[in-house]
Structures are given as structure tokens and as C-alpha cells.
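One structure is given below, encoded as C-alpha cells.
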Amino acid sequence: MELPNDIASCHRIILELVSFVEGIKPQLQGYAQKVEQLESRIKELESQIQQNSRNSNYPSSMDKYKPKPAFPRIKGGKVGGKKGHDGSTLKMVSAPDVVKTHMPEVCGRCGQVHGAESLIIRARRQVFDIPPPRIEVTEHQVLDWVCSGCQALNQGQFPQDVCSNTQYGLRLVAMSALFNNGYNIPRNKVQAIFKDLYGVTLNEQTLQAQNEFAYGCLADDEAHIKTKLLQCEVVHYDETGFYVGKDRFWEHVASNEHYTALFVHPQRGAAAHQTDISILPSFQNWAVHDCWSTYFNFTGCQHAVCGAHLLREFTALIESGSKWAQNFHAFLLDLYERSDKGKAAIPTKERSRILRKYQDLLQQADKKSRRRHKNHAANQRKQKAETCLTA
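Residue 231 is where the sequence shown starts when you use this note's numbering, and the numbers rise one by one after that.
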């Protein structure tokens, strides 16, 4: 493009460019607003992708990769068993079940056969092994007899738990239920174990019936555990997801240092706890849990958020650049150390200072949250106004 040499022509071109820029300014502002919206959406999506059980209330079963622990591991620790850990080294027993002797039958020098010469134990070695397993079949017979005095017929009766011509015994049923539930072995592998070890074929219906029988036997124990938990001052609540085929289920837990109650439900939220299998609706003391909103809907109890889960929530905020979350994270870890890793109470003389710092951190968080919500509301009003003007 060849530019004019006179001032008047240049001045005219400048005015035309200014007019053009003024004309496209609303369009440029719209593009800038769109870019800002897209950047905000990208940050939101990145935050969702980065969430795991380390920095949110997501259960560990949803983690794609193994996250770091909420509490930092102690560096420089010794490898191997820690102090107080029971060792598992084999030790010789004084009365073995089977003793096998090994001796030369003839003299290694002259070839004389061993006779009355005394034997001396030079050394002992013991092998610990499982005896060959086999199914033991017990036959129950009922016997009748006629009284020689009155000629009355007296008939024997089968035990109450022997109710069919052939059945599996309680030890086998208990082992089957333990393998499947206690050790989390799939049913097809439980079938393989009994087939390989004992030559017994357990079909799917048999395994299901054995599980139901075991569950029925534990009904009183389950009721006792729930009663004890309802009476406890502090109970921890949590949930984790798993799949049965393509269907997702949730295992819910209520526990303390002595008792644990579990139940399975298709839902993770309030629907699961609104059934009679959950103790949460009837619980009236301190419920400790993560930041999952469902728990706060139950107002009959007092709520405390688990410290480890709080650290995870703060970790997510720290990763997005939050300074107050970093301070709060350090504050909680300091309390954890001061309380002997949660095993002891904070000394009384330190509590007032700690509470003041706690209140200061809450005020920082509240101020930051109010500012963020204010900016968010202002942006929404601005977007709405510009949309109306464009229309």
C-alpha cells in the first residue's frame, strides 16, 4: 500500500481508522468477554480433573492414580518393622506333631549294620506345613428301641441342624462365607479353592445360600453393634464406591475404635441413610465425616469434619493459589503435632492463643470468600446487561 505524502490525506486516513476501530469496539469487547468466560471455564474443568481423594471428598475408589497421603510422611524413618511390631519369624516347638528320624543303616567305615548301638541326636530341624486336606463325612443315624417292660417304641431324633439327607457342615459354610466376605475373594475363585483343595463342587446358588445363612446367624451381633454405636459419644462416617458388573454401589460405614457397622446401598447420598439399615438418622452425638454435603442434612446430631479431609480440601485450594488455605493447612498440621498426633489434648495454657489464631484464619477465609462471591455476582450482572444490549 502506497501512503500519501501530504498531511491532509494522512489526517483523513487516521480519521477513517479511528472510525473503524470505534465501530468494531463492541465486537472486540464481546470477544474479550468470551475469552474471560472460557478461561474461567477452563480453570473450573482443570480443578475438577485434578480432584481426587487427596484434595477433595472423592472416595479413593475413584482415583485414577494413587494420591499422596493427607498427612506428610516422616522422612528418614527406618526400613522394616517398627517398635512394638510383633515379629513373625518361625521358632522351633518343643512338642512336634510328627517326628521323623534319619540315620545311616550301615557304618560308613567298615560296613557293619547298625544294631544295639545307642543313638545320639546331633541336630534337629523342623518343617511347618499344612497336612493334606480332606473332607470328613459324618453320618448321623437315629436308632429306635422297644422297651422290654412296657413295649413302648422309643425313637431317636436327628439334631436340629441336620435337616437333609446330605448337606454341608458349619465349618465348610463358615470358611466359604469368610473367603467371600472377609477376604474379598470372588465366588468363582472360592469355587476353585474348594475344588482344588477338597474336591468339592460348590455352585453359585450354594454359595449364595451359605452367605445368607451366615448373615442370618449374625443378625443379633449386627443389632448389638448398632446399639453400641448409637450410645457412643463420637462415631466416624464414610462411604466408598464399587461395581457389581456395570452397576455402581456404595458401602457405607459407621465406626469407632471398638465397633464397625457396614451396609451397601445403590445411592451415595441421603437416600441411603433414610433407610432403616443406617444409624445416622437416630444418632444424637458427634458425627465425624468428610465435607460430603449429605451428612449435614441430618440435624439430630452434632457434626465435626475429619481433619484429614480438611487437609485435602485445603490442598485443592492451595493448588489453585490460595494463601489463606496454605496458612490454615499449616495451622492444622501444627495442632496435629502439638497433640501428639491426635492422641492427647492441647495444653490449657496454649488454647486461648490457638483459638485466636483459628478465628483470624476464619476471618481471612470469610473475607476472601465474600470478595470472590462479590466478583462472581458482578460478572454475572455485567454479562446479563451486555447480553440485553446485544439483543
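Using N, Cα and C, we set each Cβ at its ideal position, and we do this for glycine too. Keep in mind it's a predicted model, so treat the numbers as computed, not measured.
query	result
Segment limits, beta strand (DSSP E) that includes ASN384	383-385
Buried or exposed by the 16-neighbour rule on C-beta atoms within 10 Å, applied to ASN395	exposed
Sequence-distant residues of the same chain with beta carbon closer than 8 Å to VAL323, five excluded per side	GLN356
Length of the line joining the Cα atoms of ASP236 and SER599	59 Å
Complete alpha helix (DSSP H) runs within the stretch 372-419 (minimum length 4 residues, chain order)	400-407
Distance between LYS273 and ARG242 (C-alpha atoms, nearest Å)	45 Å
Alpha carbon of PRO326 to alpha carbon of PRO361, nearest angstrom	13 Å
CB-CB length for ALA491 against ASN527, believed under 8 Å	Actually they do not touch by this definition, with Cβ atoms about 20 Å apart.
The beta strand (DSSP E) enclosing TYR473, as first and last residue numbers	464-474
Terminal residues of the alpha helix (DSSP H) in which THR436 lies	434-447
Backbone secondary structure at TYR564 - three-state DSSP	It is Asp, not Tyr, that sits at residue 564 in the sequence shown. Correct three-state label for ASP564: helix.
VAL518 and VAL464 closer than 8 Å at C-beta	yes
Test item: CB-CB of PHE544 and HIS559 under 8 Å	yes
Sequence-distant residues of its chain with Cβ nearer than 8 Å to LYS476 (five each side left out)	none
Alpha-carbon spacing of GLU580 relative to ALA555, whole angstroms	22 Å
Residue of SER512, HIS454, VAL474, GLU481 minimising C-alpha distance to HIS488	HIS454
Delimiting residues of the alpha helix (DSSP H) encompassing ALA501	500-503
First and last residue of the uninterrupted beta strand (DSSP E) at HIS495	490-495
Continuous beta strand (DSSP E) assignments of at least 3 residues falling wholly in the stretch 520-607	532-535
Simplified DSSP state of SER324, which is helix, strand or coil	coil
Inter-residue Cα distance where the pair is ASN410 and LEU448	16 Å
Length of the line joining the Cα atoms of THR620 and GLN278	With a pLDDT of 48 at THR620, under the threshold of 50, the predicted position of this residue should be treated as unreliable, though the coordinate-derived value follows. C-alpha separation (whole angstroms): 32 Å.
As assigned by DSSP and simplified to three states, the class of PHE479	strand
Closest residue to ASN418 among LEU437, ALA404, PRO334 (Cα-Cα distance)	LEU437
GLN342 classed as buried or exposed, judged by whether at least 16 other C-beta atoms fall within 10 angstroms	exposed
For LEU432, the nearest candidate out of ALA439, GLN421, VAL392, CYS531 (CA to CA)	GLN421
Backbone secondary structure at VAL329 - three-state DSSP	coil
LEU268 versus GLY260 - alpha carbon distance	12 Å
Alpha-carbon spacing of LEU245 relative to ARG601, whole angstroms	42 Å
Three-state class that DSSP yields for ALA422 in the structure shown	helix
Nearest to TYR178 (by Cα), restricted to the options ARG542, ALA407, TYR588, ARG271	The structure shown has nothing for residue 178, since the chain only spans 231 to 621.
Beta-carbon proximity list for SER508, same chain, < 7 Å, skipping 5 on both sides	HIS482, PHE493, ALA502
DSSP three-state assignment for SER249, whether helix, strand or coil	helix
Reference GLU469, options LYS458, ASP451, GLN461, PRO496, closest by Cα	PRO496
Member of PHE358, THR331, CYS340, THR368 whose CA lies at the smallest distance from the CA of ILE350	THR331
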